[in-house]
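Enquirer:
Residue numbers (our numbering), protein chains in the order written: chain A, 1 to 285; chain B, 286 to 570; chain C, 571 to 855.
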């Protein structure tokens with residue numbers, strides 16, 4: 001009785017080693033009928049928060065099935081390995097209970113049932129405890145795809161006990177919103193935790209303050225609409241404001257990284273009619 | 286009525302973010318029967334020309350089906366999104382009309398029919414217009430694989446109006462040919478836009494001039510036949526001359542990058558019997 | 571008569587170029603029923619030994635079928651292209667006869683039959699001899715998956731003539747074992763060619779000497795059990811000791827690279843009660 005035919009797979013394993021390939025070999029051996037969709041394996045090493053955000057950005061687009069997600073610096077310690085069912089069984093998340101799954105699970109409607117992956121019958125025996133994706137998570141995902149009932153994989157745990165994720169909140173200060181860079185993508189776009197429902201920026205300009213600098217940004221609809229040499233504010237494909245340049249890496253050029261605080265103010269700041277740079281440390285840019 | 290069971294997929298999305306995985310999730314959701322073959326996602330960001338060359342190098346090896354190709358710095362602007370049918374329907378290219386598809390389409394026999402992807406019924410609704418691979422191109426590819434007729438996806442466009450690609454031409458000057466580095470691959474081989482039909486170099490040596498340097502190169506059949514310390518000229522797997530070293534990155538060591546002009550002359554240059562280096566700027570090498 | 575439905579694929583092609591995608595397109599065209607599992611394409615360019623180790627680490631987890639492995643600096647020269655059958659036909663390795671396959675073949679029980687891939691009927695015609703994965707190895711893998719008998723692909727070769735792999739041996743000197751870093755993974759763990767059967771380190775500390783330094787390492791069961799600021803010794807998922815930090819790259823911080831000699835001694839060295847660093851060159855750390 002096959003239950004799922006897609007296993008979506010996200011990790012921080014990178015592509016230099018064979019970690020991804022070995023896990024996929026285990027999936028192929030145990031559940032040959034299932035198709036594996038690699039979501040991303042480029043999550044920065046050990047970065048649970050970045051993996052959690054990538055998973056949350058993806059979740060509404062995933063095919064129904066098992067979602068195997070492994071960013072697991074605590075592998076082999078007493079952090080729990082879990083499987084979490086959502087949406088009446090349309091999806092099951094498999095991974096460490098360290099906050100990685102929390103955002104995506106919430107976006108999928110919340111955890112409905114969960115088990116700790118403690119049943120050794122559904123695990124591989126290994127000489128060391130450092131590769132749970134191969135020995136515990138991968139086999140669990142494959143067995144779920146094969147139709148093994150969730151509660152066969154281990155004891156039921158209270159869904160309220162699952163570790164929550166932590167997302168930075170914005171803060172309104174007068175006309176401005178204090179937000180934070182959530183994600184810098186390959187193109188150097190710096191996504192903020194700010195959406196148009198919270199701060200409407202219909203057209204014209206906004207003023208950005210970060211790292212001692214003040215920059216005027218133009219609100220446009222597409223990266224290619226940003227005039228050369230100007231900073232753009234684009235609502236990206238996830239509905240969040242992104243600080244962008246046309247065909248250049250805004251984050252690199254502006255010194256924005258994940259976690260940088262950015263204060264957004266609608267309109268031009270009183271004294272700012274052209275881009276200026278104020279640095280508290282007096283160094284030139 | 287399934288029409289295609291393979292979707293070949295090339296992009297400049299890289300592997301750090303989940304862009305590739307999200308598009309493949311969309312393909313999996315809409316056309317679960319189709320197998321996706323990732324051609325490459327390592328095209329340099331925004332580099333339409335590099336993507337076009339990679340696609341052209343690959344096209345004769347692709348399985349029949351849909352070819353989804355996205356290097357799209359103009360996403361969300363008024364550049365057209367298109368689907369282009371070739372070879373009596375054996376293949377359909379889906380991507381932006383920015384020259385990316387042109388070389389491969391020509392190698393596949395030329396565009397026979399084309400549509401602009403304007404029908405919203407075959408697109409995903411999204412809060413921002415920055416991820417057309419997910420919202421427009423990917424769904425179009427999936428629906429084509431499912432058998433949706435080409436002209437359902439949008440209005441027919443004149444194939445003569447599709448943006449052509451631009452490939453650098455060589456130039457003969459006396460005994461020499463002035464060419465250009467088209468591609469530097471992972472191993473540091475520098476492929477030239479020069480093939481043996483244009484300049485026969487049967488054996489022995491040729492003289493290369495570039496960046497103020499002159500180098501003697503040995504014409505050999507395989508990288509491993511290049512003597513240690515010498516520059517080799519190999520006809521590569523695409524039938525073009527490549528400047529190579531044995532087990533070392535010729536491009537890095539010689540300072541060759543995409544676009545470097547290289548003048549090739551058969552035989553040893555009169556005054557050159559051992560590799561010498563002449564630099565116009567007088568700096569040592 | 572289909573024989574294999576999985577082709578596992580390892581190479582040093584990287585992900586920047588379309589090499590992997592072209593080979594997979596050839597596999598898809600010739601053997602559309604087969605699923606390709608990418609084991610890794612991140613083997614360092616030209617590094618046969620690293621590829622051999624990655625393949626050996628993976629082999630026990632592979633699905634039955636064809637294993638296509640290409641790290642092939644001698645492509646186009648007279649090194650042989652081979653297919654090697656193991657385990658009563660449960661698996662067939664396809665690749666260059668340069669030592670790449672040797673370790674994995676041995677772990678799979680040893681070569682039972684082998685052929686040189688010399689039959690041009692099962693190869694693609696190409697203008698240059700530099701891409702054997704596309705023109706020779708890939709087609710051979712696909713035809714084997716399709717049920718073509720091994721000895722159709724070329725003449726039988728004596729399995730004893732296949733090039734062996736070379737693995738570094740450890741050396742016991744009194745209480746210590748002289749070993750070597752085999753692999754540095756993405757997380758900076760430095761795997762040694764040393765397992766608990768050779769040197770039991772049940773708990774407490776061991777002393778490591780390398781590159782003129784001496785470091786105390788704590789024997790723990792998981793990376794997350796290594797106290798902050800200490801060096802850990804963990805039995806990794808392959809059963810070998812690994813020098814690790816908690817959530818940090820031990821190899822980078824300790825200056826360990828593949829091939830570094832490490833002398834392991836059980837217990838604290840007499841004069842060492844806290845981590846100290848002795849460098850023969852007198853330079854600070």
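The beta carbon of each residue, even a glycine, is placed where N, CA and C say it ideally should be.
In angstroms, rounded to a whole number, what distance separates the CA positions of residue 246 of chain A and residue 361 of chain B?
Expert: Computed Cα separation, rounded: 12 angstroms.
Enquirer: Can you grab the Cα-Cα spacing for the pair residue 94 of chain A / residue 596 of chain C, in whole Å?
Expert: Cα to Cα, the separation comes out at about 34 angstroms.
Enquirer: What is the DSSP secondary structure of residue 212 of chain A, counted as helix, strand or coil?
Expert: Reduced to three states, the DSSP call for residue 212 of chain A is coil.
Enquirer: With respect to the alpha helix (DSSP H) encompassing residue 131 of chain A, which residues constitute its N-terminal and C-terminal limits?
Expert: Where residue 131 of chain A is concerned, there is no enclosing alpha helix (DSSP H), given that its DSSP letter is neither H nor E.
Enquirer: Which word fits residue 370 of chain B, buried or exposed, when buried means at least 16 other C-beta atoms lie within 10 angstroms of its C-beta?
Expert: By the 10 Å Cβ count, residue 370 of chain B comes out buried.
Enquirer: As an exercise, report each continuous beta strand (DSSP E) stretch of at least 3 residues that is fully enclosed by the stretch 49–98 of chain A, in chain order.
Expert: Counting whole runs of 3 or more residues, the stretch 49–98 of chain A contains the beta strand (DSSP E) stretches 65–70, 81–86 and 91–96.
Enquirer: For residue 227 of chain A, does the three-state DSSP call read helix, strand or coil?
Expert: Coil at residue 227 of chain A, not helix or strand.
Enquirer: Looking at the secondary structure, which residues open and close the beta strand (DSSP E) in which residue 819 of chain C lies?
Expert: Note, residue 819 of chain C: premise wrong, no beta strand (DSSP E); not H, not E.
Enquirer: Check whether chain A comes within 9 angstroms of residue 587 of chain C, counting only Cβ atoms and requiring the distance to be less than that.
Expert: Output row for residue 587 of chain C: interface = no.
Enquirer: Residue 364 of chain B and residue 383 of chain B - do their beta-carbons sit closer together than 9 angstroms?
Expert: Contact: yes.
Enquirer: Counting C-beta neighbours from all protein chains within 10 Å, is the total for residue 446 of chain B 16 or more, i.e. buried, or is it exposed?
Expert: Exposed, since its Cβ has fewer than 16 Cβ neighbours within 10 Å.
Enquirer: Is the CB of residue 804 of chain C under 9 angstroms away from at least one CB in chain A?
Expert: Chain A contact via Cβ: present.
Enquirer: In chain C, which residues lie less than 8 angstroms from residue 13 of chain A when you measure between Cβ atoms?
Expert: Here the neighbours are 756.
Enquirer: Name the DSSP bridge partner or partners of residue 813 of chain C?
Expert: Its beta-bridge partners are C:760 and C:803.
Enquirer: Taking only beta-carbon positions, decide if residue 289 of chain B is within less than 9 angstroms of chain C.
Expert: Not one chain C Cβ lies under 9 angstroms of residue 289 of chain B.
Enquirer: Closer than 8 angstroms is the cut-off here; do at least three beta carbon pairs connect the stretch 476–491 of chain B with the stretch 542–553 of chain B?
Expert: Taking 8 angstroms as the limit for Cβ pairs, the verdict is that the stretch 542–553 of chain B does touch the stretch 476–491 of chain B.
Enquirer: Using a Cβ-Cβ distance cut-off of 9 angstroms, determine whether residue 370 of chain B contacts chain C.
Expert: Judged by the 9 angstroms Cβ criterion, residue 370 of chain B is not in contact with chain C.
Enquirer: Can you give me the C-alpha to C-alpha distance between residue 764 of chain C and residue 23 of chain A, rounded to a whole angstrom?
Expert: Distance between the alpha carbons of residue 764 of chain C and residue 23 of chain A: 24 angstroms.
Enquirer: Taking residue 39 of chain A as the query, report the chain B residues whose CB atoms sit under 9 angstroms from its CB, ordered along the chain.
Expert: Within chain B, the residues near residue 39 of chain A are 303, 305, 306, 307, 309 and 310.
Enquirer: May I ask you to verify whether the stretch 135–145 of chain A touches the stretch 28–38 of chain A, counting CB pairs closer than 8 angstroms and requiring at least 3?
Expert: Counting Cβ pairs under 8 angstroms, three or more are found: they touch.
Enquirer: Mind pulling the chain D residues with CB within less than 8 angstroms of residue 419 of chain B?
Expert: The question asks about chain D, but that chain is absent: this structure's protein chains are A, B and C.
Enquirer: Would you say residue 608 of chain C and residue 590 of chain C are within 9 angstroms of each other, going by their C-beta atoms?
Expert: Going by C-beta atoms, residue 608 of chain C is nearer than 9 angstroms to residue 590 of chain C.
Enquirer: Need the endpoints of the alpha helix (DSSP H) that residue 595 of chain C sits in, please.
Expert: Counting along the chain, the alpha helix (DSSP H) containing residue 595 of chain C begins and ends at 589–600.
Enquirer: Closer than 7 angstroms by beta-carbon distance: list the chain B residues that pair up with residue 696 of chain C, in chain order.
Expert: Result: 522.
Enquirer: So the candidates are C:675, C:793 and C:769; which of them puts its Cα closest to the Cα of residue 657 of chain C?
Expert: Measuring from the Cα of residue 657 of chain C, the nearest candidate turns out to be C:675.
Enquirer: With C-beta atoms as the reference, is residue 474 of chain B less than 9 angstroms away from residue 439 of chain B?
Expert: No, they are not a contact pair.
Enquirer: Can you give the Cα-Cα distance for residue 740 of chain C and residue 251 of chain A, rounded to whole angstroms?
Expert: Their Cα atoms are separated by approximately 48 angstroms.
Enquirer: Which stretch, first to last residue, makes up the alpha helix (DSSP H) that contains residue 714 of chain C?
Expert: Element bounds for residue 714 of chain C: 708–715.
Enquirer: By Cβ distance, which residues of its chain are closer than 6 angstroms to residue 303 of chain B, with the 5 residues on each side in sequence left out?
Expert: If we look at residue 303 of chain B and ignore the five residues flanking it on each side, it has no Cβ neighbours.
Enquirer: Just confirm the distance between the C-beta atoms of residue 794 of chain C and residue 73 of chain A, as a whole number of angstroms; I'd bet it's less than 8 angstroms.
Expert: About 6 angstroms separates the two Cβ atoms, so the contact holds.
Enquirer: Counting only the same chain and skipping the five closest in sequence on each side, list residues whose C-beta sits under 8 angstroms from that of residue 435 of chain B.
Expert: Taken in chain order, the residues that qualify are 368, 370, 377, 398, 400 and 429.
Enquirer: Between A:179, A:110 and A:216, which has its C-alpha nearest residue 241 of chain A's C-alpha?
Expert: Closest option to residue 241 of chain A, Cα to Cα, is A:179.
Enquirer: Would you verify that the beta carbon of residue 624 of chain C is, or is not, closer than 9 angstroms to some beta carbon of chain A?
Expert: Closer than 9 angstroms to some Cβ of chain A, the Cβ of residue 624 of chain C qualifies, so yes.
Enquirer: At a Cβ threshold of 9 angstroms, is residue 80 of chain A touching chain C?
Expert: It does not; no Cβ of chain C falls within 9 angstroms.
Enquirer: Where does residue 686 of chain C fall in DSSP's three states?
Expert: Here residue 686 of chain C sits in strand by DSSP.
Enquirer: Show which residues of chain B have a CB atom less than 7 angstroms away from the CB atom of residue 601 of chain C.
Expert: Correct list: empty, because the minimum Cβ distance to chain B is about 11 angstroms.
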